[in-house]
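Just below is one structure, and these are the notes that go with it.
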Amino acid sequence: MLQDFIGSDLDISRNLFTPESLATRRPRPKELEVFALLSGLPFCVEFTDKLVEAQRQISAVLGECLHYWVAPENLGVEYCVFKWPTDAWKEEWLGVIHEVLASIPQPSFRFTIGGVQINPDGCVVAKGFDEDAVFSQIREQLKVEIPFLPAKQSGWAHVPLGRILEPLGVERFAKLAHLVSTMSNLPIATTKINSMKLIHETRWYMEEKTIHAEYPLASASGGSGS
36 MLQDFIGSDL DISRNLFTPE SLATRRPRPK ELEVFALLSG LPFCVEFTDK LVEAQRQISA
96 VLGECLHYWV APENLGVEYC VFKWPTDAWK EEWLGVIHEV LASIPQPSFR FTIGGVQINP
156 DGCVVAKGFD EDAVFSQIRE QLKVEIPFLP AKQSGWAHVP LGRILEPLGV ERFAKLAHLV
216 STMSNLPIAT TKINSMKLIH ETRWYMEEKT IHAEYPLASA SGGSGS
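Okay, here's the thing in structure tokens:
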């Protein structure tokens, strides 16, 4: 059983940040170029506040150990990535993507966060569950209709919260594991997803981005969301 993060595993997370920012212990994500489809950015205030509270609870355990949190306004849930940093890109593909996204018939839906997961590489995510598997249906439609969609895609719905960037020590790691287990016993937050956004991201974790277009999902009864 893992008793602490391993430095070589954490290098996966550390490599997302500039060396200078790690040296000064003020992590800043690296520049990159990604095109992706997300909801959120931001979510509604109540939903966001609960995710930020989860970050705060984890920070209380991490203490001075180096970590990075996604800013509240940059929290989002990803449907797919159209271009990863190392992929080739053609500007005319934006027109193809827009045409497909504008025709998606899926309804708005409820999105629930049911716990937090922390991976061995230090990645911290909020585990999401969508109503009526709408995420999967949208992803499958995009796979069929967009021939240049990269094969590498997420297989589940989650909100990236941040990264742990150095080992904690056995005692602190055990406290973190207990907290995460406790947080996974109850739903953290629920919101209504009413639209999707085509994002051009130029710095990891949405610190620099452009929203190219927003696509409403078919209206349905329910509360406010994102």
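Residue numbering for the sequence shown is 36 to 261, as defined by my numbering. Every residue gets a Cβ at the ideal spot worked out from N, C-alpha and C, and that includes glycine.
Own chain partners of F146 with C-beta closer than 8 Å, once the 5 adjacent residues on each side are dropped
Numbered from its first residue, the sequence shown carries residue 146 at position 111. Cβ neighbours of F146 within its own chain (closer than 8 Å, five residues either side excluded): S74, V112, G163, F164, D165, E166, A192, T225, T226, K227, I228 and G260.
Whole angstroms is fine: what's the gap from R90's alpha carbon to C115's?
For the purposes of this step, residue 90 is taken as residue 55 along the sequence shown, with counting starting at 1. For the purposes of this step, residue 115 is taken as residue 80 along the sequence shown, with counting starting at 1. Strictly speaking, residue 90 in this sequence is Gln, with Arg absent from that position. Approximately 24 Å, taken between the alpha carbons.
Nearest to E249 (by Cα), restricted to the options L76, E66 and N50
For the purposes of this step, residue 249 is taken as residue 214 along the sequence shown, with counting starting at 1. Looking at the Cα atoms, L76 is the closest of the given residues.
Within 10 angstroms of the Cβ of E236, are there 16 or more other Cβ atoms? Answer buried if so, exposed if not.
Against the sequence shown, residue 236 aligns to sequence position 201. Classification for E236: buried.
How should L184 be labelled, buried or exposed, when 16 other C-beta atoms within 10 angstroms of its C-beta is the threshold for buried?
Mapped onto the sequence shown, residue 184 falls at position 149. The residue in question, L184, is buried, as its Cβ has 16 or more Cβ neighbours within 10 Å.
Along the chain, where does the beta strand (DSSP E) containing T147 start, and where does it finish?
Counting from 1 along the sequence shown, the entry for residue 147 is found at position 112. F144 to I153 is the extent of the beta strand (DSSP E) around T147.
Neighbourhood of S8 by C-beta distance below 7 Å, restricted to the same chain and skipping five residues each side
Look at the range of the chain in this structure, 36 to 261, and you will see that residue 8 is not part of it.
8 Å Cβ shell around I41 - same chain, five flanking residues per side excluded
Residue 41 sits at position 6 when you count from the first residue of the sequence shown. Closer than 8 Å at Cβ, skipping near neighbours: P155 and P202.
L101 versus L67 - alpha carbon distance:
On the sequence shown, residue 101 is found 66 positions in, with the first residue counted as 1. On the sequence shown, residue 67 is found 32 positions in, with the first residue counted as 1. Looking at the two C-alpha atoms, the distance is approximately 22 Å.
Name the DSSP bridge partner or partners of K268?
Past the boundaries of the shown model lies residue 268; the chain is included only from 36 to 261, so the question cannot be answered.
Would you call the CB atoms of S219 and V151 closer than 8 Å?
In the sequence shown, residue 219 corresponds to position 184, counting from 1. In the sequence shown, residue 151 corresponds to position 116, counting from 1. Yes.
How about P62 and L200: are their beta carbons less than 8 Å apart?
What you label residue 62 is simply residue 27 of the sequence shown in a count that begins at 1. What you label residue 200 is simply residue 165 of the sequence shown in a count that begins at 1. Against a cut-off of 8 Å, the Cβ pair of L200 and P62 comes out as a contact.
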